[in-house]
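Just below is one structure, and these are the notes that go with it.
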Amino acid sequence: MIASFDNAAEKYDTNFTHTEIGTLQRHLVYENVQKYLQNTKIVLEINCGTGEDAIWLANQNLTVTATDISEKMVSKAQSKTNLENLNFKVLDINNLNQETNSYDFLFSNFGGLNCLTNTEMQTFFQSTSKILSEKGKICLVIMPKNTIWEQFYFVLKFDFKNAFRRKKEVAFANVDGEKVATYYYNPKEIVHLCQATFEILEVKPIGFFIPPSYLEPFFKNKKMLLKGLNFLEKRIKNWSFLSKYADHYIITLQKK
């Protein structure tokens, strides 16, 4: 990947990790990941950001290697913990084929893989299958093309260009002044790209009722409203057909 996300490292926790919306979405992800950690010992996380998920995984008594392309993200993550079963390192997703270790489980949260082109995504699945143990699993949280929240929000603002930006071949997100090329994938597209090496275990929506994080300024003082939206989110959490309309979705795969 070209973008490094160094600019976002300092404010990432403030702008997302510790926000009301970020916390709710992260808890939804953990509920889905938790059930696949049985019989898992060694985990690789990619796009680890400031290490919040890596620390959670390590606290599940797993041996975790957490990676990110951004040196500043990794530095921020390292400053949070000294857990002996958790190691952070700088690694580009596109260089996974350089990994020599074997892992039981691979995890990527909140759209890190949306920085990959179609060709890079295919290569990612090929590389991943080589470093996973037999019947190893991966959980990926990806941004789809048809997010209803985003379309509704921008249409209300008469910003039709951004309302349907996810449907473009490539969109450019402004991440703390850094333009990041972003590619959106609906679940069926991911299934098509990985079906040669992985079987699909499940697909679930993350953020169908819970709004995107950029709406935090509006919702942060409306905790009862967010509580209600979270209640609705939990009612539809198993409705896989809503995945392509949510802010993110989590897809769980197993190596063939």
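Numbering (the working numbering), first residue to last: 285 to 540.
By construction, the Cβ of each residue, glycine as well, lies at the ideal position given by its N, Cα and C atoms.
Asked                                                                                                                      : Found
Beta-bridge pairing of K295 - partner residues as DSSP gives them                                                          : Bridge partners of K295: none, in fact.
Cβ pair count under 8 Å reaching 3, the stretch 494 to 510 against the stretch 314 to 332                                  : no
First through last residue of the beta strand (DSSP E) which encompasses I422                                              : 416 to 426
Contained alpha helix (DSSP H) runs [length at least 4] in the stretch 348 to 406, N- to C-terminal order                  : 355 to 362
Reduced DSSP secondary structure (H/G/I, E/B, other) of V454                                                               : coil
Closer than 7 Å to chain B by CB, Q382                                                                                     : This model lacks chain B altogether; it includes just one protein chain.
P489 - DSSP class collapsed to helix/strand/coil                                                                           : strand
Under the three-state DSSP convention, the category L328 falls into                                                        : strand
For I330 and T298, believed in contact at Cβ under 8 Å, the rounded distance                                               : Contact doesn't hold; Cβ gap of about 23 Å is too wide.
Coarse secondary structure for T334, derived from DSSP in three states                                                     : coil
Test item: CB-CB of F376 and I326 under 7 Å                                                                                : First, the residue type needs correcting, since residue 376 is Asp and not Phe in the sequence shown. No, the Cβ-Cβ distance between D376 and I326 is not below 7 Å.
For I520, three-class secondary structure by DSSP                                                                          : coil
Inter-stretch contact (C-beta, 8 Å, three-pair minimum) for the stretch 422 to 440 and the stretch 363 to 375              : no
Nearest-angstrom beta carbon gap, N378 and E355 [assumed within contact, 8 Å]                                              : Actually they are not in contact, since the Cβ atoms of E355 and N378 sit about 16 Å apart, beyond 8 Å.
CA-to-CA distance, I415 to T481, given in whole angstroms                                                                  : 12 Å
Bounding residues of the alpha helix (DSSP H) (the contiguous stretch that carries T307)                                   : 304 to 318
Chain-order list of residues whose beta-carbon lies under 6 Å from that of L328 (same chain, five-residue window excluded) : T349, Y387, L390
Through-space distance from Q406 to I490, alpha-carbon basis                                                               : 23 Å
Contact check, Y529 vs N458, beta carbons under 7 Å                                                                        : no
Under 7 Å between C-beta atoms of L380 and S411                                                                            : yes
Cα-Cα separation, C478 to L537                                                                                             : 9 Å
Contact under 7 Å by Cβ, G395 with M357                                                                                    : no
Three-state secondary structure (DSSP) of L509                                                                             : helix
Coil, strand or helix - L499 by DSSP                                                                                       : helix
Own chain, CB closer than 7 Å to K488, minus 5 neighbours either side, in chain order                                      : N316, K521, N522, S524, S527, Y533, I534
Candidates R449, N514, D460, V313, of which the one nearest C423 by Cα                                                     : V313
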